[in-house]
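*Asks:* When the letters of the sequence shown are read in order and numbered with the numbering used here, they come out as residues 205 to 421. One structure coming up, written as structure tokens, with questions to follow.
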Amino acid sequence: MKKVILFLLASVAMVSCGSDDGDGGSKRPSSVTIAGGNESAIMNMTYDKGRLSTMTSSFNGAHTMAFTYNDKGKVSNVAISGSSTDNIVFTYDADGKLSSLMHSGQTALPFTWTDATTVTHDGHTIKVDSKGDLVMYDSVSFTRDSGKGAFANVKGIDGLTLLLIDQTTLYYASKKPVKIITGPGISYIMNNTLSGGMLTNATFDLSGVPYTMNITY
205 MKKVILFLLA SVAMVSCGSD DGDGGSKRPS SVTIAGGNES AIMNMTYDKG RLSTMTSSFN
265 GAHTMAFTYN DKGKVSNVAI SGSSTDNIVF TYDADGKLSS LMHSGQTALP FTWTDATTVT
325 HDGHTIKVDS KGDLVMYDSV SFTRDSGKGA FANVKGIDGL TLLLIDQTTL YYASKKPVKI
385 ITGPGISYIM NNTLSGGMLT NATFDLSGVP YTMNITY
């Protein structure tokens with residue numbers, strides 16, 4: 205799994221509902237497994253009032269992310285503990301768009317929005333759609349599939365914000381499922397399976413090695 209994430213991100217950059225939902229029981233992922241070759245990663249999620257409360261990941265060593273939200277319902281702080289530790293602080297402008305991100309002990313990095321869906325951050329140009337799903341990251345483009353993505357019913361956080369926290373979320377944490385990822389030297393086609401209109405399974409190939417992603421709600 206590490207090879208998949210690092211290979212893709214190098215190109216980019218250079219589950220049942222929890223009982224604590226409390227908002228009507230919309231489907232949200234409780235676990236995501238991605239495996240291929242001799243690699244695998246497992247992510248487990250809990251929720252509070254439809255918002256992501258914790259996410260535990262086995263990728264690069266077991267670690268847990270705990271999410272805090274501001275009075276507007278947007279994620280403001282992520283405390284990471286376990287094999288890696290960090291405290292990530294997000295701020296927003298008057299329009300509710302990301303304005304800065306700061307890791308523990310580091311200087312805050314700004315987001316500069318050139319229009320409603322295009323932003324520059326830490327030397328990268330990123331484009332999102334109206335739902336916050338990635339459309340472009342530098343020279344890598346993302347095409348979306350029909351149906352609902354695994355995070356279609358998750359409140360308070362979008363695909364871009366999650367990618368900045370944990371790179372594995374690129375594959376599943378979106379409002380619409382990713383179908384095609386293309387860029388210099390890469391081309392992934394996600395063969396998605398939907399159940400009840402929501403993403404439950406996907407397969408893709410990396411250098412001849414098949415990978416499978418399974419999502420439990």
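Even for Gly, the Cβ is constructed at its ideal location relative to N, Cα and C. Remember, it's a predicted structure, so these values are computed and weren't measured experimentally.
To the nearest angstrom, report how far apart residue 277 and residue 234 are at their CA atoms.
*Replies:* Residue numbering aside, residue 277 sits at position 73 when the sequence shown is read from its first letter. Residue numbering aside, residue 234 sits at position 30 when the sequence shown is read from its first letter. Spanning the two alpha carbons is a distance of roughly 21 Å.
*Asks:* If you count every other CB in all the chains shown that lies within 10 Å of the CB of residue 313, and 16 or more means buried, which is it?
*Replies:* Position 109 of the sequence shown, counted from the first residue, corresponds to residue 313. Exposed, because fewer than 16 other Cβ atoms sit within 10 Å of the Cβ of residue 313.
*Asks:* If you drop the 5 nearest sequence neighbours on each side, which residues of the same chain put their C-beta closer than 7 Å to that of residue 246?
*Replies:* Position 42 of the sequence shown, counted from the start, is the residue given in the question as residue 246. Here the set comprises 235, 237 and 262.
*Asks:* Which residue marks the beginning of the beta strand (DSSP E) containing residue 361, and which one marks its end?
*Replies:* The residue given as residue 361 occupies position 157 in the sequence shown. Per DSSP, residue 361 belongs to no beta strand (DSSP E) and is neither H nor E.
*Asks:* What do you reckon, are the CB atoms on residue 322 and residue 331 nearer than 8 Å?
*Replies:* For the purposes of this step, residue 322 is taken as residue 118 along the sequence shown, with counting starting at 1. For the purposes of this step, residue 331 is taken as residue 127 along the sequence shown, with counting starting at 1. Yes, the Cβ-Cβ distance between residue 322 and residue 331 is below 8 Å.
*Asks:* Jot down the residue ranges of each uninterrupted beta strand (DSSP E) in the region 279-349, minimum 3 residues, whole runs only, in chain order.
*Replies:* As far as the region 279-349 is concerned, its whole beta strand (DSSP E) runs of at least 3 residues are 279-286, 290-296, 302-306, 313-317, 322-325, 328-332, 338-341 and 344-348.
*Asks:* If distances are taken between C-alpha atoms only, which option among 243, 257 and 240 comes closest to residue 359?
*Replies:* As a position in the sequence shown, residue 359 is number 155, starting the count at 1. Among 243, 257 and 240, the Cα nearest to that of residue 359 belongs to 257.
*Asks:* Assuming residue 365 contacts residue 240 (C-beta within less than 8 Å), just tell me the rounded distance between them.
*Replies:* Here residue 365 is taken as the residue at index 161 of the sequence shown, counted from 1. Here residue 240 is taken as the residue at index 36 of the sequence shown, counted from 1. Not quite, the Cβ-Cβ distance comes to about 26 Å (not below 8 Å), so this is no contact.
*Asks:* Assign residue 382 to one of two classes, buried (16 or more other C-beta atoms within 10 Å of its C-beta) or exposed (fewer than that).
*Replies:* If you number the sequence shown from 1, residue 382 lands on position 178. Answer is buried; the Cβ neighbour count reaches 16.
*Asks:* Report yes or no: do three or more beta-carbon pairs, one from the region 275-295 and one from the region 390-399, lie closer than 8 Å?
*Replies:* No contact exists between the region 275-295 and the region 390-399.
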